[in-house]
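Asker: Just so you know, we're using the UniProt record's numbering here: the sequence shown kicks off at 1 and counts up by one. Positions of the beta carbon are idealized from the N, C-alpha and C atoms, including for glycine. The model shown is predicted, which means the values in this text are computed figures rather than measured ones.
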Amino acid sequence: MQYFKEQFAIYRRLKVTDRSHEHITCNSLLYNTANKDIARLQRVQNCLARVVTRSPRFSSSVPLLKSLHWLPVHYRIIFKICTISYQALASKQPTYLNSMLTPARNSRELRSTSSNPLYIPRVKTKAGTRAFSVAAPTLWNSLPVSVKSEGNLVSFRRRLKTYLFNAAYPP
1 MQYFKEQFAI YRRLKVTDRS HEHITCNSLL YNTANKDIAR LQRVQNCLAR
51 VVTRSPRFSS SVPLLKSLHW LPVHYRIIFK ICTISYQALA SKQPTYLNSM
101 LTPARNSREL RSTSSNPLYI PRVKTKAGTR AFSVAAPTLW NSLPVSVKSE
151 GNLVSFRRRL KTYLFNAAYP P
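1) Rounded to the nearest angstrom, how far is the Cβ of LEU118 from that of ALA131, given a contact under 8 Å?
2) Could you tell me which of LYS92, MET100 and LEU71 sits nearest to LEU41, measuring between CA atoms?
3) From PRO121 to ASN98, what distance separates their C-alpha atoms?
4) Helix, strand or coil for LYS80, going by three-state DSSP, please let me know.
5) Roughly how many angstroms separate the alpha carbons of LYS126 and PRO170, rounded to a whole number?
6) Flag this pair as touching only if the stretch 145-165 and the stretch 47-58 have three or more C-beta atom pairs under 8 Å; answer yes or no.
7) Please report the residue range of the alpha helix (DSSP H) in which residue 177 lies.
8) Just to confirm, is the Cβ distance from residue 196 to PHE165 under 9 Å?
9) Which residues does DSSP list as the beta-bridge partners of PRO103?
10) Can the beta-carbon of ASN32 be found less than 9 Å from the beta-carbon of ALA135?
11) Tell me which residues share the same chain as SER59 and place their Cβ nearer than 7 Å to its Cβ, disregarding the 5 neighbours each side in the sequence.
12) Measure the alpha-carbon distance for LYS124 versus SER133 and round it to whole angstroms.
13) For LYS36, which residues of its own chain have a beta-carbon under 8 Å away from its beta-carbon, when the five flanking residues on both sides are left out?
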């Protein structure tokens, strides 16, 4: 009987983890939204981390998220946008996203051209900064060259998550 309880507990944790990421991974739409809305999603993620790890209700969530290797919601949003950008740049698919990401053109040769910066279109409103055509180049240009220069998607995601994880939880 104890074996079945343990197996059910593992199954429940996996289901909660899957369900939480289903609801939190569609968050690339939330780039540049109000901090109070991001904080609400972060509270949900913190609660889910406590459920998965069976921690007390008022325990600190940062060590739990760190032990589960979960990025905070804000960094998860950045991760999703950068991953979509890499896919659009590397495979040239889908074309409607690839057309939004154009390389920056300078009149002279600069050191930054080796990092393959993207052109960031001008916007006049705060809502305009939320658009993928502005958010993706902004985030892509802020990444270090070591992350951007990865050859395939798996290694890019690994490097990007390590970079964002170190930014979210400094050693």
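Answerer: Taking the coordinates as given:
1) Here residue 118 corresponds to residue number 118 of the sequence shown, with the count starting at 1. Here residue 131 corresponds to residue number 131 of the sequence shown, with the count starting at 1. Not confirmed; about 14 Å, so no contact.
2) Indexing the sequence shown from 1 puts residue 41 at position 41. Closest by alpha carbon: LEU71.
3) Here residue 121 corresponds to residue number 121 of the sequence shown, with the count starting at 1. Here residue 98 corresponds to residue number 98 of the sequence shown, with the count starting at 1. Near 14 Å, if we compare the C-alpha coordinates of ASN98 and PRO121.
4) Translated into the one-based positions of the sequence shown, residue 80 becomes position 80. Note: LYS80 maps to helix in three-state DSSP.
5) Stepping through the sequence shown from its first residue, residue 126 is reached at position 126. Stepping through the sequence shown from its first residue, residue 170 is reached at position 170. Using only the alpha carbons, I get a separation of about 30 Å.
6) With the cut-off at 8 Å, the stretch 145-165 and the stretch 47-58 do not touch.
7) Outside the shown range of the chain, which is 1 to 171, sits residue 177, and nothing can be said about it.
8) Any property of residue 196 remains undetermined from this structure, which presents the chain solely from 1 to 171.
9) Within the sequence shown, the letter at position 103 stands for residue 103. According to DSSP, PRO103 bridges with LEU118.
10) In the sequence shown, counting from the first residue as 1, residue 32 sits at position 32. In the sequence shown, counting from the first residue as 1, residue 135 sits at position 135. A contact, by the Cβ cut-off of 9 Å.
11) Sequence index remark: in the sequence shown, residue 59 carries index 59 (1-based). The answer, listed in chain order, is ARG50.
12) The residue given as residue 124 occupies position 124 in the sequence shown. The residue given as residue 133 occupies position 133 in the sequence shown. Roughly 14 Å separates the two Cα atoms.
13) Position 36 of the sequence shown, counting from 1, holds the residue named residue 36. Excluding sequence positions up to five before and after LYS36, its CB lies less than 8 Å from no other CB in the same chain.
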